[in-house]
Ligand SMILES: [Zn+2]
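In this note's numbering, the protein residues as written are 136 to 474.
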């Protein structure tokens, strides 16, 4: 197979959810576990931003692939030819103009809609003033995060979560930012990606062990977080001086008014990603208990082609025998795929 030249962008995911009848229980916590299998594809868009086709990647795992870059980089939004990208695939004008590239998308607690300085109010109505979920997930370790509620399952796949569970829902993105900032007192919000990727190479027994630990940690921290969240009112009261108060006055500032559903019982989700059977950690990578794993980063800036046997995919990383390729980082690069 040889594709036409297309702009690389974030890998698309779709989820296979195991039917309830086949779902097991988490051994350590006796909670029911929703098992999610992630399918990846490369999306191809035309110059007018219309989605043309998707190339399924799961069937290519275990096979030899070659990505060839033709030397061009084009903005994902306006298609302009550029020398470097901003925020994974945008030209500088689109980076400073588009609402999705504003700092408040990364840090929702900095929402400035009420100041009438939002870059695109219609975009915000569709993307920020909708239900958001605050969650706990286990990637390289336990972390807290937020996302739009309707993208929850794909958000967990994008970050390569081993296991995850939703904590609570809020009515808008700004509120999820307030809750996340508060929960960062107790949890990390980052993933150490080499450790997360190294977990893809665990044996079935090691994986079972990891999931059992992750499941019981998530469950205990779920209950702990709900307890801690009782202090959220006081935290918001403290924060009020720093953030604009009028934003909260409209909505009611009490934590109880921010949430509209705290899950009464944790709903554990356990993820599996496509891997070639028997795939081994690349030789230069170590995963001894006290040594940090290291992967060779594959990059189109060093070479025009990246080739090798694809061992697996997790988060936004293509795991080759020769190293790892972060597909999202090279968004906007004009490439073709040969297999
Ligand atoms: Zn642009």
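Ideal placement from N, C-alpha and C gives every residue a C-beta, glycine not left out.
- Less than 8 Å divides the Cβ of residue 207 from the Cβ of residue 469.
- Judged by DSSP in its simplified three-state form, residue 438 adopts coil rather than helix or strand.
- With a threshold of 7 Å, the Cβ atom of residue 468 does not count as near ligand 1, since no heavy atom of the ligand is closer than that.
- Ranked by Cα distance from residue 405, the first of 355, 314 and 292 is 292.
- The closest CA to that of residue 288, considering only 212, 230, 368 and 170, is found on 170.
- Approximately 4 Å separates the beta-carbon atoms of residue 322 and residue 279; this is inside 8 Å, confirming the contact.
- Three or more beta-carbon pairs separated by less than 8 Å link the stretch 304-315 to the stretch 257-268, which places the two stretches in contact.
- Between residue 202 and residue 413, the alpha-carbon positions lie close to 24 Å from each other.
- Here residue 280 carries a strand assignment [DSSP, helix/strand/coil].
- In the structure shown, the three-state DSSP call for residue 208 is strand.
- Put simply, the backbone Cα of residue 251 is about 16 Å away from that of residue 240.
- 193 is the residue among 338, 193, 318 and 138 whose C-alpha sits nearest the C-alpha of residue 173.
- Residue 217 counts as buried, since no fewer than 16 other beta carbons sit within 10 angstroms of its beta carbon.
- Separation of the CB atoms of residue 145 and residue 340 is rounded to 33 Å, and the pair is thereby denied contact status at 8 Å.
- When the Cα atoms are used, residue 154 and residue 179 turn out to be separated by approximately 31 Å.
- Around the beta carbon of residue 188, fewer than 16 other beta carbons lie within 10 angstroms, which makes this residue exposed.
- By the criterion of a C-beta distance shorter than 7 Å, residue 317 is surrounded in its chain by 367 and 370, once the five residues flanking it on both sides are discounted.
- Per the C-alpha coordinates, the member of 299, 314 and 325 positioned closest to residue 350 is 299.
- The continuous alpha helix (DSSP H) containing residue 227 extends over residues 227-232.
- With a contact defined as Cβ atoms closer than 8 Å, residue 245 and residue 445 miss out at about 39 Å.
- Residue 356 is positioned such that its CB atom lies no closer than 8 Å to that of residue 460.
- A Cβ-Cβ contact shorter than 8 Å links residue 471 with residue 139.
- When the Cα atoms are used, residue 290 and residue 150 turn out to be separated by approximately 11 Å.
- Scanning its chain for C-beta atoms nearer than 8 Å, with the 5 sequence neighbours on each side dropped, one finds around residue 147 the residues 175, 176, 177, 178 and 189, in chain order.
- Between residue 275 and residue 331 the beta-carbon gap is near 4 Å, inside 8 Å, which marks them as a contact.
- Here DSSP, grouped into helix, strand and coil, assigns residue 336 to helix.
- Taking each of 363, 346 and 358 in turn and checking the Cα distance to residue 168, the smallest one comes out for 346.
- Assignment of residue 457 by DSSP, reduced to helix, strand and coil, places it in the coil class.
- Residues 145, 223 and 451 of the same chain have their beta carbon placed closer than 6 Å to that of residue 463, with the five preceding and five following residues left out of the count.
- In this model, residue 236 and residue 229 are separated by some 8 Å (Cα to Cα).
- Bounds of the beta strand (DSSP E) holding residue 170 are 168-180.
- Taking 8 Å as the upper bound for CB-CB distance, residue 409 and residue 447 are in contact here, some 6 Å apart.
- The three-state reading of DSSP puts residue 301 in strand, counting E and B together.
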